[in-house]
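Novice: Following this message is one structure expressed as structure tokens.
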DNA sequence: GGAGGTTGTAATCGGATGATTACTGGGAAA
DNA sequence: TTTCCCAGTAATCATCCGATTACAACCTCC
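Protein chains in written order, with the working numbering: chain A, 1 to 202; chain B, 1001 to 1202.
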């Protein structure tokens, strides 16, 4: 008996579709292993295509990584802008915009590799091209919080700090230890509440 | 005219001295480039010895990295325990222990690579050996804050979050942009005040 | 139906990297 | 002086990785 035809398109993709598919996969692999730890072959296998095709489509591994973090930053800002607009449309004008941005940040954890690939780029500040892009991206988030969302420097610092702790718990894949280590469970509960299930490793 | 004899010992080191020297150097190199990005040859050259000697002394690159982060964690806990003891000896009993631990954490920035090499390990949670060691180390810090320092889960979370933001600014080498980008200067001031000069890139 | 552009791969190359082996030199003790 | 251990290196190896080249399969439009 032949298996039911799952929604598996074995037709050839357009270059644009394939590019998006590679970016999705590369986001996850770079996020897990980092720029140097991830190989173009791992990305290619995970995407179901050949290694040369990956590098030819983006020109180089570095260009692919830069595209990944650029796309992650765009996803993040788009989520933030949407959340801020919703919050302003329905919320009271005297609340804290961070109350809207925080949940948006957690929802983004469903998209694989956004937080971790950005974080991996943040740890490569000494690299000429990647460091430049990473600092630019981070400062763009800072400018959004300060200028568009109108958050004070102190509150913006606190919001970013919370985000960085979440990113670290994602990089650590801390939920792996949640069942066996009470300290891990306590840490995850204090940081993410019941949203810890969205982290990698869960 | 021969140059004045700077304190340069060209005699051979004992294995114990050399081991410490390699750990110092490896801490800086791993902190900058990460586990996969750093090569044993880069570490050897920076330490002024040959690449095979580095590998032979620690058995493997992975064992060297594990020794680096183990030593970084030990430095961190030692600083924290000393700061906590001082604070308890002279301070009032009703203050916040984080007020003592925070400055100790910043002073540690003078030791090259402590924050960044730990942070690099935190981003390798999916690696069997490194991820295990990274989670163990992070949970040991958490246990110190909760049990030894007696800090509440909420306050400990906030303290760690601040630390992770500092680590990210170190990984980004954000001071590189402090002069040319007002946003970078504002972010650094809001996070570290005048202690931003201790970050890499300054 | 065939011509041409586009998606995609097999084969392969050169360089980098971690590791291994065999060796050297110096200093202290006998 | 000779012996012998220990710090340290030169040479080299096998593997991996990113990149290049040449080629194959497929779809579309005339």
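Every residue gets a Cβ at the ideal spot worked out from N, C-alpha and C, and that includes glycine.
Would you report the Cα separation of residue 139/A and residue 59/A, rounded to the nearest angstrom?
Specialist: Locating residue 139/A in the first chain gives position 139, where the first residue counts as 1. Locating residue 59/A in the first chain gives position 59, where the first residue counts as 1. In a straight line, the C-alpha of residue 139/A is about 27 Å away from that of residue 59/A.
Novice: Short of 8 Å in beta carbon distance, which residues of its chain neighbour residue 1040/B, apart from the five on each side in sequence? Order them along the chain.
Specialist: Position 40 of the second chain holds residue 1040/B. Closer than 8 Å at the Cβ level, and outside the excluded window around residue 1040/B, lie 1051, 1054, 1055, 1061 and 1064.
Novice: From residue 1007/B to residue 1013/B, what distance separates their C-alpha atoms?
Specialist: Here residue 1007/B refers to the residue found at position 7 of the second chain. Here residue 1013/B refers to the residue found at position 13 of the second chain. Confidence at residue 1007/B is low in this model, with a pLDDT of 34, below 50, so the placement of that residue is unreliable and no value is reported for it.
Novice: Pair every Cβ in the segment 1087-1099 of chain B with every Cβ in the segment 100-116 of chain A, then say whether three or more of these pairs are closer than 8 Å.
Specialist: The answer is no - the segment 100-116 of chain A does not touch the segment 1087-1099 of chain B, with fewer than three Cβ pairs under 8 Å.
Novice: Under 7 Å between beta-carbons, which chain A residues line up against residue 1122/B? List them in chain order, please.
Specialist: For the purposes of this step, residue 1122/B is taken as the residue at position 122 of the second chain. Result: 168, 171 and 172.
Novice: So, is residue 1180/B buried or exposed, given that buried needs 16 or more other C-beta atoms within 10 angstroms?
Specialist: By 1-based counting over the second chain, the position of residue 1180/B is 180. It counts as exposed.
Novice: Measure the alpha-carbon distance for residue 1049/B versus residue 27/A and round it to whole angstroms.
Specialist: Residue 1049/B sits at position 49 when you count from the first residue of the second chain. Residue 27/A sits at position 27 when you count from the first residue of the first chain. Distance between the alpha carbons of residue 1049/B and residue 27/A: 38 Å.
Novice: I'd like to know if the segment 1167-1180 of chain B and the segment 180-195 of chain A are in contact, where contact means that at least 3 CB-CB pairs between them fall below 8 Å.
Specialist: No contact exists between the segment 1167-1180 of chain B and the segment 180-195 of chain A.
Novice: Using a cut-off of 8 Å between C-beta atoms, extract the partners of residue 186/A located in chain B.
Specialist: Indexing the first chain from 1 puts residue 186/A at position 186. Within chain B, the residues near residue 186/A are 1142, 1146 and 1153.
Novice: Along chain A, which residues have their Cβ under 7 Å away from the Cβ of residue 1191/B?
Specialist: The residue labelled residue 1191/B in the question sits at position 191 within the second chain. 157, listed in chain order.
Novice: State the start and end residues of the unbroken alpha helix (DSSP H) segment that holds residue 25/A.
Specialist: The residue labelled residue 25/A in the question sits at position 25 within the first chain. Start and end: 15-37.
Novice: Taking Cβ positions, are residue 1069/B and residue 1126/B nearer each other than 9 Å?
Specialist: One-based indexing of the second chain puts residue 1069/B at position 69. One-based indexing of the second chain puts residue 1126/B at position 126. It is not a contact, given that the beta carbons lie outside the stated cut-off.
Novice: Apply the 10 Å Cβ neighbour rule to residue 200/A and answer buried if 16 or more other Cβ atoms are within range, or exposed otherwise.
Specialist: Within the first chain, residue 200/A is the residue found at index 200, counting from 1. Flag for residue 200/A reads buried.
Novice: How about residue 1146/B and residue 1161/B: are their beta carbons less than 9 Å apart?
Specialist: As a working note, residue 1146/B is residue 146 in the second chain. As a working note, residue 1161/B is residue 161 in the second chain. Against a cut-off of 9 Å, the Cβ pair of residue 1161/B and residue 1146/B comes out as no contact.
Novice: According to DSSP, is residue 52/A helix, strand or coil?
Specialist: On the first chain, position 52 is the one that residue 52/A refers to. Of the three classes helix, strand and coil, the one that applies to residue 52/A here is helix, per DSSP.
Novice: Is it buried or exposed for residue 95/A, if we count other Cβ within 10 angstroms and need 16 for buried?
Specialist: For the purposes of this step, residue 95/A is identified with residue 95 of the first chain, where counting begins at 1. Exposed.
Novice: What three-state label does DSSP hand residue 60/A in the structure shown?
Specialist: Counted from its first residue, the first chain places residue 60/A at position 60. Three-state DSSP puts residue 60/A in coil, outside helix and strand.
Novice: Less than 9 Å between CB atoms is the rule here; does residue 1126/B satisfy it with respect to chain A?
Specialist: As a first step, residue 1126/B must be located in the second chain, where it is residue number 126. Output row for residue 1126/B: interface = yes.
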